[in-house]
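Peer 1: Just so you know, the sequences run in chain order U and V. If you read the first sequence in my numbering, its first letter stands for residue 1408, the second for the next number, and so on. If you read the second sequence in my numbering, its first letter stands for residue 6, the second for the next number, and so on. All C-beta atoms, glycine included, are put in the ideal place defined by N, C-alpha and C.
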Amino acid sequence: MIMRSGQQLLLPANPVFIWASLIVALVLNMLPLGRVPWMPDFIALVLLFWNVHQPLRVSIGVAFVFGLIMDVHQTSLLGQHALSYTLLSFLATLIQRRLLWFQVPLQALQVLPLFVAAHGFQLVIRLLGGGIFPGWILLMAPLAEALLWPVVSVLLLVPQRRAPDRDENRPL
Amino acid sequence: MALGTLDRTLPPFFNQGPSALSKLIFFGALSLFLMVADARFHVTQPIRAVLATVLYPVQWLAQQPIHLVHNSGEYFGNLNQAQSDSAEAGKKLALQSLRAGQVEQLTLENNRLRQLLGLREQLAIPLMAAEVLYDAADPYTRKIIIDKGQLKGVDLGSPVLDESGVLGQVTQVYPLVSEVTLLIDRNMAIPVLNARTGVRSVVYGDPVVGGSGIELRFMGSNADVQIGDLLTTSGIDGVYPAGLPVAKISRIEHRSESTFSKIYCVPQALVTGTQHVIVVKPVSGQLPLRPESAEPVAAAKKGTLK
Chain U
1408 MIMRSGQQLL
1418 LPANPVFIWA
1428 SLIVALVLNM
1438 LPLGRVPWMP
1448 DFIALVLLFW
1458 NVHQPLRVSI
1468 GVAFVFGLIM
1478 DVHQTSLLGQ
1488 HALSYTLLSF
1498 LATLIQRRLL
1508 WFQVPLQALQ
1518 VLPLFVAAHG
1528 FQLVIRLLGG
1538 GIFPGWILLM
1548 APLAEALLWP
1558 VVSVLLLVPQ
1568 RRAPDRDENR
1578 PL
Chain V
6 MALGTLDRTL
16 PPFFNQGPSA
26 LSKLIFFGAL
36 SLFLMVADAR
46 FHVTQPIRAV
56 LATVLYPVQW
66 LAQQPIHLVH
76 NSGEYFGNLN
86 QAQSDSAEAG
96 KKLALQSLRA
106 GQVEQLTLEN
116 NRLRQLLGLR
126 EQLAIPLMAA
136 EVLYDAADPY
146 TRKIIIDKGQ
156 LKGVDLGSPV
166 LDESGVLGQV
176 TQVYPLVSEV
186 TLLIDRNMAI
196 PVLNARTGVR
206 SVVYGDPVVG
216 GSGIELRFMG
226 SNADVQIGDL
236 LTTSGIDGVY
246 PAGLPVAKIS
256 RIEHRSESTF
266 SKIYCVPQAL
276 VTGTQHVIVV
286 KPVSGQLPLR
296 PESAEPVAAA
306 KKGTLK
């Protein structure tokens, strides 16, 4: 893989860790905090991250399944989140090769339109189906997700950034 | 360098699976199909029930931290609060016991009068208490999830009440939990009776952003409605038992462009923050069947005409 200069060579990703991170995101999304329209969608974030970094392991099919799970949990229209996550991970595969050439803060700027598209898609579907307009505060959700992108980029790459040979100077 | 340092499995060159676009089209079509099946034909109940049951442990896990914070907050709540609560509860109880005494007497009197008039005995209503697990996170509807489901005998369409009035209706039953659509949801309508004038009408959910309200529609601008009128269930829908408080009229707007006035109501139940609810069996199961009249009578009439 061709990488941008100065980037660390990563260890192979552990599939168990990938799935664990998705489950943790699911639990975070399921915290019973009530109806908070600006709540960032952690699953969308983690799905997009793995779609960009490990496209061979996590792709559109996984996104669809997690979308269905979110639909059942939120009692929303069945297929609403599934369609939006499917779209999101398709867009992720489109920009995946370009995105990794940028620094992480610039990556956040690049993924913002993707999140806006995913949320906008859901909004249009629900308003067509006769839902209640949740208010403009909804626009905060994609913004919060984009702001969390650098955090997630650090957290989820920690296991791959460990030292290949551990010694006293580099215990981790 | 250790062996596990680099990804040594070759990425597949030829066997890449279906392309991203074809996957997008397949899953997109599948989710569109699901949406139509869900919204139009209501056939996705089994999928939802299975997924909801599988998800139950994860949901339970997610609820624990919130419960913990809530409970510890209560635990450290101060003595004064507890004392004032207890005093208030005592007052409420005294008031209610007065009413309860009256109810005994009224029920007796009512029964005698009914027998006198040869009316049917009033329906006995089976009840079930339930706890609210969480507000559904979907911002496009107003729903809550309660902790009783199919296994405990919750029926689809059961009315749900809290201690001060009607809260909503069960709209989806899963094996372990059920989903209650609140009165203030846009798709909810309840037949009501104005307790002061006895006029029957229907109220509709009217959610405004960040608030909760319901609306009494199709009342002419000259209709007899006043601010503060109590609306109770009329019981003619065969779902809600009659006489439960639903809402109070809070604001009346007479509009020149319409023959109807816009009437805002405030729900009596605590729609945004209740903890415990009562699930009532729908009345329709207990109503007698419609008499098979119409046609035989008409036929007989024809016969006599001939």
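1) Is any beta-carbon of chain U found at less than 9 Å from that of methionine 40 (chain V)?
2) Decide if leucine 121 (chain V) is buried, meaning its Cβ has at least 16 other Cβ atoms within 10 Å, or exposed.
3) Starting from the beta carbon of phenylalanine 1497 (chain U), find every residue of chain V whose beta carbon is closer than 7 Å, and list them in chain order.
4) Report the three-state DSSP secondary structure of glycine 1527 (chain U) (helix, strand or coil).
5) List, from N- to C-terminal side, the beta strand (DSSP E) runs of 3 residues or more that fit wholly inside the region 138-204 of chain V.
6) What does DSSP give as the partner residues of serine 206 (chain V) in its beta bridges?
7) Is the separation between the beta-carbon of proline 144 (chain V) and that of proline 1541 (chain U) shorter than 9 Å?
8) Mark tyrosine 80 (chain V) as exposed unless 16 or more other C-beta atoms lie within 10 angstroms of its C-beta, in which case mark it buried.
9) Would you give the residue range spanned by the alpha helix (DSSP H) that leucine 258 (chain V) belongs to?
10) Using Cβ-Cβ distances below 9 Å, what residues of the region 1434-1445 of chain U are close to chain V?
11) Rounded to whole angstroms, what's the CA-CA distance from alanine 194 (chain V) to proline 1512 (chain U)? Just pull it up for me.
12) Need the endpoints of the alpha helix (DSSP H) that lysine 28 (chain V) sits in, please.
13) If I measure Cβ to Cβ from serine 255 (chain V) and keep anything under 7 Å in the same chain, skipping five residues before and after, which residues do I get?
14) Quick check on the burial criterion: 16 or more other C-beta atoms within 10 angstroms. Buried or exposed for glycine 210 (chain V)?
15) From which residue to which residue does the beta strand (DSSP E) around proline 1447 (chain U) run?
16) Between alanine 1515 (chain U) and proline 1557 (chain U), how many whole angstroms is the CB-CB distance? I'm expecting something under 8 Å.
17) With a cut-off of 8 Å on the beta carbons, I'd call tyrosine 1492 (chain U) and alanine 1553 (chain U) a contact; round off their distance for me.
18) Let me know if glutamine 1481 (chain U) comes out buried or exposed under the rule of 16 or more other beta-carbons within 10 Å of its beta-carbon.
19) Between which two residues does the beta strand (DSSP E) harbouring valine 282 (chain V) extend?
20) Which partner residues does phenylalanine 19 (chain V) have in the DSSP bridge list?
21) Which residue's Cα is closest to the Cα of glutamine 21 (chain V): U:Trp1445, U:Pro1462, U:Pro1447?
22) Among the residues of its own chain, which have a CB less than 6 Å from the CB of alanine 34 (chain V), if the five just before and after it don't count?
23) Check the Cβ of glycine 254 (chain V) against every Cβ in chain U and list those closer than 7 Å, keeping chain order.
24) Quick one: give me the first and last residue of the alpha helix (DSSP H) that glutamate 220 (chain V) is part of.
25) Under the DSSP definition of a beta bridge, which residues are partnered with alanine 135 (chain V)?
26) Taking 9 Å as the threshold (beta carbon to beta carbon), is leucine 122 (chain V) in contact with chain U?
27) Does valine 208 (chain V) have its Cβ less than 9 Å from a Cβ in chain U?
28) For valine 1469 (chain U), which three-state DSSP category applies?
29) Closer than 9 Å, CB to CB, is phenylalanine 1540 (chain U) near chain V or not?
30) Indicate the three-state DSSP secondary structure (helix, strand or coil) for proline 272 (chain V) in the structure shown.
31) Tell me where the beta strand (DSSP E) around threonine 237 (chain V) begins and ends.
32) Using the Cβ count rule (16 or more neighbours within 10 Å means buried), how would you classify histidine 281 (chain V)?
33) Within the same chain, show all residues whose beta-carbon is closer than 6 Å to that of arginine 222 (chain V), passing over the 5 residues directly before and after it, in chain order.
34) Are any of the Cβ atoms in chain U nearer than 9 Å to that of valine 175 (chain V)?
35) Is DSSP giving glycine 225 (chain V) helix, strand or coil here?
36) Are the region 184-198 of chain V and the region 232-241 of chain V touching, with three or more C-beta to C-beta distances below 8 Å?
Peer 2: Answer, in terms of the structure:
1) yes
2) Under this definition leucine 121 (chain V) is an exposed residue.
3) Simply Ala25, Leu29.
4) helix
5) 148-151, 164-167, 170-178, 183-187, 194-199
6) DSSP lists V:Val197 as partners of serine 206 (chain V).
7) Cβ distance < 9 Å, so proline 144 (chain V) and proline 1541 (chain U) count as in contact.
8) exposed
9) Sequence inspection shows glutamate at residue 258 (chain V); the leucine mentioned does not correspond to that position. Membership of glutamate 258 (chain V) in any alpha helix (DSSP H) is not indicated; the residue belongs instead to the beta strand (DSSP E) covering 250-258.
10) Val1434, Leu1435, Asn1436, Met1437, Leu1438, Pro1439, Leu1440, Gly1441, Arg1442, Val1443, Pro1444
11) 49 Å
12) Counted as a single uninterrupted DSSP element, the alpha helix (DSSP H) harbouring lysine 28 (chain V) occupies residues 25-41.
13) Ile232, Tyr269, Cys270, Val271
14) Answer is buried; the Cβ neighbour count reaches 16.
15) It is not in any beta strand (DSSP E) - proline 1447 (chain U) carries neither H nor E in the DSSP assignment.
16) 6 Å
17) That belief does not hold up - the Cβ atoms of tyrosine 1492 (chain U) and alanine 1553 (chain U) are roughly 16 Å apart, past 8 Å.
18) Per the 10 Å Cβ criterion, buried.
19) 281-285
20) According to DSSP, phenylalanine 19 (chain V) bridges with nothing at all.
21) U:Pro1462
22) none
23) For the sequence presented, residue 254 (chain V) should be read as isoleucine rather than glycine. What isoleucine 254 (chain V) touches in chain U: nothing, since even the nearest Cβ is about 22 Å away.
24) Where glutamate 220 (chain V) is concerned, there is no enclosing alpha helix (DSSP H), although the beta strand (DSSP E) it sits in stretches over 219-221.
25) According to DSSP, residue pairing for alanine 135 (chain V) in a beta bridge involves V:Val282.
26) no
27) no
28) helix
29) yes
30) strand
31) 235-238
32) exposed
33) Tyr209
34) Using a Cβ-Cβ cut-off of 9 Å, valine 175 (chain V) does not count as an interface residue toward chain U, since no Cβ of chain U sits closer than that to its own.
35) strand
36) yes
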